[in-house]
Amino acid sequence: MTCGRVLVCLLVLMAAGQAVCGEVIDGWTLHPDNAADPLTFAHSGKTLHVLQSLGPVFVVGDSQIGPEDYETSVISVREQDGWTVMRCRAAAEDLAGDYTLKLKKCDDGAVELVVEGAADAAGFQCGNIGGTDAPFKQFYVGQRDMEVHEGNDGWAPFIYWPDGKLYFHAHLDLDVSHSAGYSHRAMPKQHFLVKNPPISSDTGYAVLTDGSRPSLHERYVIRAATNTWETLGPVTNQPSEYRQELAGMIFNDVWDIPHDANLFYVRWLKEATAGVVKFYTVIEQWGFGGFDDTLPDLYREPDLVDPAPPFGTGQQLKELVDLANTMGRTALRTNYMLVRPDTSPSVNEGLVKLALGGDGNPKWHSNFSTVLPLVERQDRAFHKHYGTTAAFSDQLSSGGYSGLYVNYDAGEQGAGMVCTARQRLREICRLMKEIHQGPLGSESYIADFQFGKYMDTGDFTVFAGDRRSDFTPEEKLRRVHELTTVHSMGLGYRHFFAPHEENWMGRGFESYFNDDEKVDSYRACEVLYGNGGYLFYYAGMRLVHALTECFTVGVAQRHYALQPVDFVKYGKRSVWKTLDQLIENPKIDSREALLSWFRRFHVRYANGCHVYVNRDDQVLTVAASGNRTFKLPQNGWLVYTEDGNLTAYTALEADPFFPSRQVRVDFCEDKARGIRYVNPRTAARFMDAAKPTVWLNGKVHLVLDEPNLRFGELLQRQHAATAPAE
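No gaps in the numbering here: position 317 of the sequence shown is 322 in the working numbering, and each next residue is one more.
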């Protein structure tokens with residue numbers, strides 16, 4: 006199926022039992038004589054109507070009329086190539102809208118529903134699940150399709166049917182959607198228990214600049230199963246070809262300037278880690294026009310090739326890229342989404358254009374079809390000049406499912422369709438990866454349709470995640486984790502506050518760079534999500550922050566990255582439950598009751614790696630293999646392998662000089678690799694270390710005598726020591 010075909014396809018896969026399409030056995034039954042209610046599900050002597058009030062939304066005068074406002078009839082039925090084809094009509098005052106439903110029974114128990122419609126629909130309503138007076142439970146698990154704010158629920162929720170003890174899920178396939186985006190009529194955030202909920206999200210069709218609309222075309226995938234995750238079916242994304250390499254890398258996000266100071270930092274990092282940890286280094290500020298001032302232009306041969314003066318010289322930038330390449334891979338940040346029309350040479354010359362809104366006014370982002378030639382020219386030029394070995398492009402993956410990136414210019418092929426925006430973004434991704442011959446990363450990493458083959462990594466953002474208990478790592482661990490290695494929990498400040506909060510960046514910087522227990526929160530969530538380590542570098546970063554990230558998460562991540570998940574459990578008062586067990590518990594009858602369990606986590610991977618994370622304010626005691634007991638404070642964490650090879654944690658230990666005093670310490674040991682790290686923090690001593698200490702192959706490699714010294718301060722000392730005497 007291609008984006009350009011004029012149809013709606015609903016693929017319905019069989020649930021429990023060996024139901025055959027058209028037979029009333031436990032499972033699905035199709036009803037080709039009923040356009041507004043074409044699918045039921047029978048189980049345990051009960052029948053659910055899964056797609057009640059299914060149908061297009063039409064425009065009549067100044068109003069929109071949905072399935073609840075018109076009568077439907079089936080005009081004709083015929084058999085064609087295995088399909089049952091129904092010609093249908095929606096009728097109301099001033100409305101006679103025709104559309105076609107196609108139903109197909111599949112050998113594997115699948116049922117396909119195809120809806121074909123002309124370009125006169127304002128939307129498509131997916132239908133409700135009903136047939137019972139009892140409420141359903143509906144919930145999200147963290148799909149990465151939009152900005153991860155506290156108020157955002159996402160799309161296509163899971164629906165649990167308590168009477169039948171079954172889960173339903175309807176996946177809206179936006180890769181083939183002609184809509185401009187989706188909405189949901191009963192968000193789980195407000196409707197945890199709900200009668201007759203929508204089975205999925207509805208879609209809306211945009212008016213283009215010439216007054217027309219795209220033709221109707223949607224696809225849903227509906228499944229029922231006895232557990233949550235089987236309702237999603239197999240993962241369809243292709244994995245990243247760089248996933249194994251990224252599993253051993255920390256995302257080194259270099260934001261500071263100038264480049265000579267960054268050279269000092271990267272040299273220190275190389276010496277401190279001694280090749281034990283590799284790095285995916287992104288240099289954020291380097292273009293000729295300053296930071297974002299001439300976007301999407303950053304490098305233009307032959308005249309605009311040197312960095313803006315505050316950044317340093319081109320030679321310094323080349324030295325920085327060369328050095329970082331010896332430690333892994335290096336990218337120079339670009340941004341082909343955001344456009345500065347008044348200062349961009351490419352815009353002024355008519356080479357790059359802005360996308361248009363339906364009113365014909367320019368939007369904030371580029372017309373992607375005009376940006377591709379610039380990517381080809383600009384990226385290929387600076388790749389050749391500086392020797393980049395990876396790519397990073399801002400906002401490629403921060404637009405969520407891409408509803409923000411729809412172009413309504415009727416002169417563009419596929420205008421007004423979210424599937425077109427997604428297709429264009431993928432084209433940009435593949436081109437950048439081909440040019441740089443390396444992995445591609447982007448901001449926020451919330452565009453799940455790109456994960457793996459198209460987008461290899463990114464800064465995995467959960468805004469204000471530090472204070473939240475409304476998210477779970479399961480979606481990432483079960484649907485993304487094996488595709489690639491994702492890094493971080495977002496730019497350092499974003500983990501602590503959300504956009505539009507007062508001074509969110511300033512307060513976030515303070516937390517990330519100066520508060521050890523806030524850094525613990527960031528690091529605990531990295532480990533919880535199975536993500537790789539991350540350094541949000543400015544000169545204000547403390548040496549101990551960088552070293553601890555490298556020798557705890559940077560070492561431990563190799564043991565959980567890309568590994569299949571055996572289970573995720575949630576703990577409360579020494580009781581551990583799976584998500585399904587929580588959902589199925591009749592006492593959990595509100596969203597708040599469910600989220601009260603999202604404070605303590607135990608993840609086991611198939612290779613025997615265990616992860617415990619405590620986000621609760623009460624200490625969690627963990628009995629691990631090897632007869633060891635660990636006490637995890639709030640935002641403490643533990644990673645260990647059953648074979649005893651790896652142990653890594655932030656936990657409470659007794660100060661040997663003051664045994665009654667419990668203090669936080671950081672520890673990591675990978676016996677097979679000969680790595681050991683101890684950070685006693687405020688303890689007088691821990692495991693023979695009075696200061697943060699790294700051992701490699703049994704020998705002391707590095708001791709931080711001044712752990713809280715900042716890189717900027719260390720550089721100033723070096724400058725003072727090497728300055729000629731007056």
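The beta carbon of each residue, even a glycine, is placed where N, CA and C say it ideally should be.
This structure is a prediction, so every number in the text was calculated from the model and none was measured.
Whole-number beta carbon distance between residue j and residue i, since they are thought to touch under 8 Å
i	j	result
P685	L552	Their Cβ separation, rounded to whole angstroms, is 13 Å, which puts P685 and L552 out of contact at 8 Å.
D571	A611	5 Å
P307	G292	With 8 Å as the limit, P307 and G292 do not qualify as a contact, their Cβ atoms being about 16 Å apart.
A126	V411	About 16 Å; that fails the 8 Å criterion.
Y406	F454	7 Å
L701	G717	Not a contact, Cβ separation roughly 27 Å.
DSSP bridge partner residues for residue i (one or two, in chain order)
i	result
D660	F663
W642	V618, T655
V62	G128
F456	M460
F316	For F316, which the question treats as bridged, DSSP gives no partner whatsoever.
N684	D671
G122	Y104
D308	Paired residues: none, contrary to the question.
M91	V82, L106
S371	L359
M254	K283
A629	R633
CA nearest to the CA of residue i, picked from the options
i	options	result
S449	A677, D464, E589	D464
W273	Q143, A725, P729, R715	R715
G66	A47, N39, E98, L59	E98
I288	Q243, L303, R338	R338
T236	Y145, L198, G128	Y145
T394	T233, D327, S474	D327
P202	A211, Y165, Y210, D215	Y165
G128	V181, V90, V64, V119	V64
E417	S403, A229, K438, K358	K358
C673	T687, A688, T655, P664	T655
M91	L430, D38, F572	D38
K142	T233, S68, K107, L179	T233
H154	Q455, P314, S403, L309	S403
D660	R224, D86, A694, L300	A694
P591	P140, P61, W33	P140
C614	C424, Y645, F296	Y645
T241	R483, T652, E73	R483
K200	V181, G238, R596, G135	G135
D265	Q290, Q57, R547, T425	Q290
R149	I451, Y225, S349	I451
F541	R563, Y304, H500	H500
H388	T652, L430, Q442	Q442
Exposure label - residue i; buried when at least 16 CB within 10 Å
i	result
W369	exposed
A566	buried
R248	buried
H492	buried
R218	buried
E480	buried
H505	exposed
P664	exposed
S579	exposed
R472	exposed
N133	buried
Q623	exposed
S371	buried
Same chain only: Cβ atoms within 7 Å of residue i, ignoring 5 sequence neighbours per side
i	result
Y187	W160, L177, S206, D207, T208
S220	V11, G122, A123, A124, H183
L100	F63, V65, I70, Y75
M254	K283, F284, Y285, G333, G537
Proximal residues to residue i (C-beta, below 6 Å), its chain only, five neighbours per side dropped
i	result
R94	S78, I80, D103
H36	P43
C530	G470, M494
P244	G457, L488
F173	I164, A229
G362	K368, Y413
Cβ shell of residue i (< 8 Å), same chain only, five flanking positions each side left out
i	result
I433	Y341, F373, V376, L377, V380, S398, L401
P263	P315, F316, G317, Q321
Y391	L322, K323, V326, L337
G169	H48, S49, K51, L53
Cβ-heavy atom distance, residue i to the ligand ATP, below 7 Å
i	result
L56	With respect to small molecules bound, the structure shown includes none, and the ligand ATP cannot be examined in it.
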